[in-house]
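Protein chains in written order, with our numbering: chain A, 61 to 169; chain B, 927 to 1082.
Notes to accompany the following structure.
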Amino acid sequence: MKRRFQSKAAWLPLLLSLAVFALAAVWVSAQVREAAEVSEREGLRQAEQAIRRAAVSVYALEGAYPATYRDLKAHSGIAVDEEQYKVFYEIFASNIMPEITVVKLGRAA
Amino acid sequence: MSRRSSAGAVAALIAALILGAALLLSLTTGAGVYRQVQYRSDSSMDQRLGLSYITEKVHAHDAAGMVSAGEFGGCDAVFLLQELDGVVYETILYVHDGWLKELFCEQGWELEPGDGQQITEARGLSAALEGRLLRLVYTDAGGTAQQADIYVRSGM
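Structure, rendered in structure tokens:
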């Protein structure tokens, strides 16, 4: 009776260790997932900010906003990963700040 | 199971936990370093951008009576007028809520500072009119104050 009790009790530390390990693994994977999401949001924000800054720079140097996004790229040398992001550049007049929207591709589906 | 093997298993798990924590720490440190580098790069680029933008706007609107300085929403602002098809429009340049903003509207419309379009990050703008000299003190996002005196050739 005593031996049986001892053999059962011997499994407890192992079970406890496995439980701690499983919790730690879940926590680490959650943190890594959150880091990936933050990185994605930050990438989007930086892309939009870079395009806006480039448009303002071109205006400050040349006195007019570029007519199209292609012109903006040619004038400022800005490069945004177009496989990841779609840029919408809508200009009303050459002296009015254009509407710039950057969207991450693949979200709509 | 013996006590020795249990202790060994626990030790191995602790070592694995420490390794995981070290990996996460190196990730967050790397991200922090990257953010610092990015911030410095952005600050360097933005250093004269806002003031250059305002200066270019003033030169583009340099016509008699079309450039003035005043107040908008409780802060200093530069007012630039232009006439299109008999209608007078005004472009108001001001700093609000941490941004240099631009508001383009028909003259006389009562709008709020929050209605303007964001141009670049900034902390403050003061504009004063002294004859034909428009004196600007612009504080960028990094807190550096820059001064510019713009001579309005066409008169105020």
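Beta carbons: idealized from backbone N, C-alpha and C, even for Gly.
Please classify residue i as buried or exposed, where buried requires at least 16 neighbouring CB atoms within 10 angstroms.
{"i": "A:Arg-113", "result": "buried"}
{"i": "B:Leu-1026", "result": "buried"}
{"i": "B:Ala-1067", "result": "buried"}
{"i": "A:Val-118", "result": "buried"}
{"i": "B:Thr-1046", "result": "buried"}
{"i": "A:Ala-69", "result": "exposed"}
{"i": "B:Ser-978", "result": "buried"}
{"i": "A:Val-162", "result": "buried"}
{"i": "B:Tyr-960", "result": "exposed"}
{"i": "B:Val-1004", "result": "buried"}
{"i": "B:Met-927", "result": "For B:Met-927, the pLDDT reaches just 49, beneath the cut-off of 50, and the residue's location in the model is therefore unreliable, leaving the point undetermined."}
{"i": "B:Gly-1121", "result": "Residue 1121 of chain B falls outside the range modelled here, since chain B spans only 927 to 1082, and no answer is possible."}
Need the endpoints of the alpha helix (DSSP H) that residue i sits in, please.
{"i": "B:Tyr-979", "result": "975 to 986"}
{"i": "A:Tyr-134", "result": "Looking at the sequence itself, residue 134 of chain A is Ala, so the reference to Tyr does not match. Per DSSP, A:Ala-134 belongs to the alpha helix (DSSP H) from 129 to 136."}
Comparing the C-beta of residue i with each C-beta of chain D, is any distance below 7 Å?
{"i": "A:Phe-81", "result": "Absence of chain D from the displayed structure is noted, the protein chains being A and B."}
Need the endpoints of the beta strand (DSSP E) that residue i sits in, please.
{"i": "B:Glu-1032", "result": "1025 to 1032"}
{"i": "A:Ile-151", "result": "Segment: none, A:Ile-151 is in no beta strand (DSSP E) and carries neither H nor E."}
{"i": "B:Val-1063", "result": "1059 to 1066"}
Subject >> Under 8 Å (Cβ pairs) to chain B, residues found in the region 150 to 168 of chain A >> reply: Residues passing the 8 Å Cβ filter: Asn-155, Ile-156 and Met-157.
Subject >> Inside the region 76 to 131 of chain A only - alpha helix (DSSP H) runs reaching at least 4 residues >> reply: none
Subject >> Chain-ordered residues of the region 75 to 102 of chain A with a beta carbon less than 7 Å from chain B >> reply: Shown in chain order are the members of the region 75 to 102 of chain A whose Cβ falls below 7 Å from a Cβ of chain B: Ser-77, Val-80, Phe-81, Ala-84, Val-88, Gln-91 and Ala-95.
Subject >> contact_flag[the region 1028 to 1038 of chain B, the region 1005 to 1019 of chain B] where n(CB pairs < 8 Å) is 3 or more >> reply: yes
Subject >> Residues from the region 105 to 120 of chain A in contact with chain B, defined by Cβ distance under 7 Å >> reply: Arg-113, Val-116, Ser-117, Tyr-119 and Ala-120
Original post:
Can you find at least 3 beta carbon pairs, one from the region 1069 to 1081 of chain B and one from the region 981 to 994 of chain B, that sit closer than 8 Å?
Top reply: yes
Subject >> Cβ pair count under 8 Å reaching 3, the region 79 to 96 of chain A against the region 936 to 948 of chain B >> reply: yes
Subject >> Residues of the region 1018 to 1039 of chain B whose Cβ lies closer than 8 Å to any Cβ of chain A, in chain order >> reply: Glu-1028 and Phe-1030
Subject >> Short-range partners of chain B found in the region 119 to 142 of chain A, where Cβ spacing is below 9 Å >> reply: Answer set for the region 119 to 142 of chain A: Tyr-119, Ala-120, Leu-121, Glu-122, Gly-123 and Ala-124.
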